[in-house]
Amino acid sequence: MMETDRPLSSHLNLAMDTVQVTEIAALAAGAWMGRGDEMAADGAAAAAMGAAIARLELDGKVVIGEFGDGASSSFCPGERVGGGVGPRVDIALTPLEGITACARGTANALSVMALTDAGGLLPVPEVYMDKIAVGPGLPEGIIDLEAEPEDNLKRVAEARGIAVPDLVVCILDRPRHEELIWRVREAGARIMLFADGDVSGIMATLEPESGVDMYMGIGGAPQGVLAAAALRCVGGQMQGKLLLRTNEDHTKAREMGLSDPSRIFSAADMASGDIMLAATGVTRSVLLRGVRRSGDSAVTHSLVMRSATGTLRYLQSRHSLDAAGDPLTGA
Numbered sequence: 110m111m112e113t114d115r116p117l118s119s120h121l122n123l124a125m126d127t128v129q130v131t132e133i134a135a136l137a138a139g140a141w142m143g144r145g146d147e148m149a150a151d152g153a154a155a156a157a158m159g160a161a162i163a164r165l166e167l168d169g170k171v172v173i174g175e176f177g178d179g180a181s182s183s184f185c186p187g188e189r190v191g192g193g194v195g196p197r198v199d200i201a202l203t204p205l206e207g208i209t210a211c212a213r214g215t216a217n218a219l220s221v222m223a224l225t226d227a228g229g230l231l232p233v234p235e236v237y238m239d240k241i242a243v244g245p246g247l248p249e250g251i252i253d254l255e256a257e258p259e260d261n262l263k264r265v266a267e268a269r270g271i272a273v274p275d276l277v278v279c280i281l282d283r284p285r286h287e288e289l290i291w292r293v294r295e296a297g298a299r300i301m302l303f304a305d306g307d308v309s310g311i312m313a314t315l316e317p318e319s320g321v322d323m324y325m326g327i328g329g330a331p332q333g334v335l336a337a338a339a340l341r342c343v344g345g346q347m348q349g350k351l352l353l354r355t356n357e358d359h360t361k362a363r364e365m366g367l368s369d370p371s372r373i374f375s376a377a378d379m380a381s382g383d384i385m386l387a388a389t390g391v392t393r394s395v396l397l398r399g400v401r402r403s404g405d406s407a408v409t410h411s412l413v414m415r416s417a418t419g420t421l422r423y424l425q426s427r428h429s430l431d432a433a434g435d436p437l438t439g440a
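Here my numbering runs 109 ahead of the position in the sequence shown, where the first position is 1.
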């Protein structure tokens, strides 16, 4: 069997290789944490991630990446990455999720990368997506994006065997969510507002110990696909609908192969196959600690997940730094 024909789950070292990529990107971004320069932080993370991915033994195609002509343009959708040998994979990534959070030194900045079999990720344009998500352990179909927020709250609470006031819902703190926030609070549920970090907010539902039961609201469509990959690894659920507001948005969606871009997509629609995902904290979040530097070393905190086994593992790594404060090669 050719290397490219082996199932992704048979490449046992690839999950660790992936988390090393997010570690290196997080270390690079972390050097700019709190310095107020969003472009420098994003550029450093993208350059570090690009160099690390180039060393991986895989033939990857970026499906969910960075749009535009900025520092991360090497990760535009359709770009080929990796060493060109090994399994053919679809890749979803963000070198630095929460650019503003990193620049300000606030919560929920992280580096994320997901791999799956070729054809396993839904290509979406850079538009908004309305989303609802819950973590694992709930009956399939428990959430419905077309239902009223109050109905979704009631169903999730009943499935968990708790009252609605015991639910915590993560919502991005944006003016567009004023009515949603009011309705969720009027229904009796509590809200954890995130200033930044769409992916972090959805991933917060992965762990029962996180204290977050649901995610609701509008965020980026590419971030929605990346978060769906995380949920798919451990049995979470999500629904998303693209918000196509202009003729140009509709054209972009159809050019990306979406025959019915107005439909509601499930997590399985957005991410399928053998999925591996790694995320490393740049600043603190519900699930991950941020990069901590001390002298000639730094400590990162990451998680790595695989859908083939349904596992979520946490990894703390200490990295040796060179005189310039960069991780040593292979660190």
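Note that CB positions come from ideal geometry on N, CA and C, so glycine has one too.
Because the structure is a prediction, the values reported are computed rather than measured.
The beta carbon of isoleucine 311 sits closer than 6 Å to those of Ala242, Tyr324 and Ala336, all from its chain and outside the five residues before and after it, given in chain order. In the three-state scheme derived from DSSP, where H, G and I count as helix and E and B as strand, leucine 386 is classed as strand. Note: isoleucine 300 is bridge-paired with Val278 in the DSSP secondary-structure output. Taking every protein chain shown into account, the CB of arginine 341 has 16 or more other CB atoms within 10 angstroms, so this residue is buried. Rounded to the nearest whole angstrom, the CA to CA distance from alanine 338 to arginine 285 is 26 Å. Taken through DSSP and simplified to helix, strand or coil, arginine 285 comes out as helix. By the Cβ test, the stretch 380-387 is in contact with the stretch 227-237, since at least three Cβ pairs between them sit closer than 8 Å.
Non-local C-beta neighbours of valine 321 in its own chain, meaning closer than 7 Å and more than five positions away in sequence, comprise Val277, Cys279, Met301, Ala313, Thr314 and Val395, ordered along the chain.
Contact between valine 236 and aspartate 358 is confirmed by a C-beta separation of about 5 Å, below the 8 Å threshold.
Sorting Ala296, Glu295, Gly297 and Ile327 by C-alpha distance to the C-alpha of phenylalanine 303 places Ile327 at the top. Annotation: the stretch 138-211 contains the following complete segments of the alpha helix (DSSP H) (minimum length 4 residues), in chain order: 147-163. Between the stretch 412-425 and the stretch 157-167 there are fewer than three C-beta pairs closer than 8 Å, too few to call the two in contact.
Checking the DSSP bridge columns, you'll see proline 436 partnered with Leu430.
It is roughly 42 Å from the alpha-carbon of isoleucine 133 to the alpha-carbon of alanine 272. Residue state for leucine 136 is assigned as helix, using DSSP reduced to three classes. The C-alpha of glutamine 332 is placed about 11 Å away from the C-alpha of glycine 349. Taking 8 Å as the cut-off, the beta carbon of glycine 399 is found closer than this to the beta carbon of glycine 139. For the 8 Å CB-CB criterion, leucine 219 and threonine 420 do not form a contact. In the DSSP assignment, methionine 414 falls within the beta strand (DSSP E) that extends over 406-415.
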